[in-house]
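As numbered in my numbering, residues 1 to 155 make up the sequence shown, in order.
Think of the CB as a built atom: it goes at the ideal place given N, C-alpha and C, for glycine as much as any other residue.
Here the structure is a predicted model, which is why all the values come from computation and not from measurement.
Here the structure is laid out as structure tokens; the discussion comes afterwards.
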Amino acid sequence: MLIYTRLIDRYNSIYDAIVRHYYNTSECRKRLIYLSLLIIARNGLRVTESIIAIHEFMKQLNRIITIKTLKKGNTRHVIFPEEISILDLPHYKLCIDELDRHQIKIHAYKKLHVNPHYLRRLYIRTLYSEGYSIEYIKRIIGHVSKRNTEHYIKT
């Protein structure tokens with residue numbers, strides 16, 4: 001039980017740090033980087049999927065959207081982080097083209113000392129520690145195989 005408490009605390013502290021960084025910068029590109037990291041942490045997406053999600057959020061201005069996953073082409077529902085105003089998105093249209101997956105990874109390492117894929121793993125493990133079934137997590141993440149989801153939980 002203590003391991004799960006630490007896991008949830010770690011998840012929450014990283015998530016809160018990303019939110020702080022988002023609000024402490026005014027630069028458009030950096031805000032999009034932090035938004036991408038929040039979407040990864042909130043939904044367990046891959047980096048490129050988070051960029052696709054930002055584009056879709058901009059088009060729809062909706063808190064919940066559906067995207068196709070990069071692997072196997074499954075669909076996933078993505079939730080926009082409630083800590084961020086969806087009304088901010090139109091302001092980012094000028095710099096969205098500057099956003100790429102390498103910048104997101106580099107920024108995550110420099111500022112948060114985490115790998116974006118670690119956020120995905122942490123999200124999955126946190127869901128499992130909160131009592132969600134592997135089958136349910138598999139559907140949320142878009143995995144085809146239950147074995148893939150179990151791998152994330154065990155490593």
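Residue range of the unbroken beta strand (DSSP E) whose run includes residue i
i, result
"Thr126", "Run containing Thr126: none in the beta strand (DSSP E); it sits in the alpha helix (DSSP H), 116-129."
Range of the contiguous alpha helix (DSSP H) that encloses residue i
i, result
"Thr48", "47-60"
"Arg31", "28-43"
"Arg63", "Run containing Arg63: none; DSSP gives neither H nor E here."
"His143", "Per DSSP, His143 belongs to no alpha helix (DSSP H) and is neither H nor E."
"His163", "This structure gives no information on residue 163, because the portion of the chain shown stretches from 1 to 155."
Rounded separation between residue i and residue j - CA only
i, j, result
"Ser85", "Ile54", "13 Å"
"His151", "Arg10", "20 Å"
"Leu127", "Ile137", "7 Å"
"Gly73", "Ser26", "35 Å"
"Gly44", "Leu119", "7 Å"
"Arg42", "Pro81", "7 Å"
"Gln60", "Thr66", "10 Å"
"Ala17", "Ser36", "14 Å"
"Arg6", "Glu83", "23 Å"
"His91", "Gly131", "39 Å"
"Val144", "Thr75", "11 Å"
"Ile8", "Arg125", "9 Å"
Cβ separation of residue i and residue j, assumed to be a contact under 8 Å, to the nearest whole Å
i, j, result
"Ile40", "Arg63", "Wrong, their Cβ atoms sit about 17 Å apart, outside the cutoff."
"Tyr22", "Tyr34", "4 Å"
Counted within 10 angstroms of its Cβ, other Cβ atoms place residue i as buried (16 or more) or exposed
i, result
"Arg147", "exposed"
"Tyr123", "buried"
"Leu87", "exposed"
"Pro116", "buried"
"Ser133", "exposed"
"Arg31", "buried"
"Ile106", "exposed"
Opposing strand residues paired with residue i [DSSP bridges]
i, result
"Lys71", "Partner(s): none; Lys71 has no beta bridge."
"Arg76", "Ile67"
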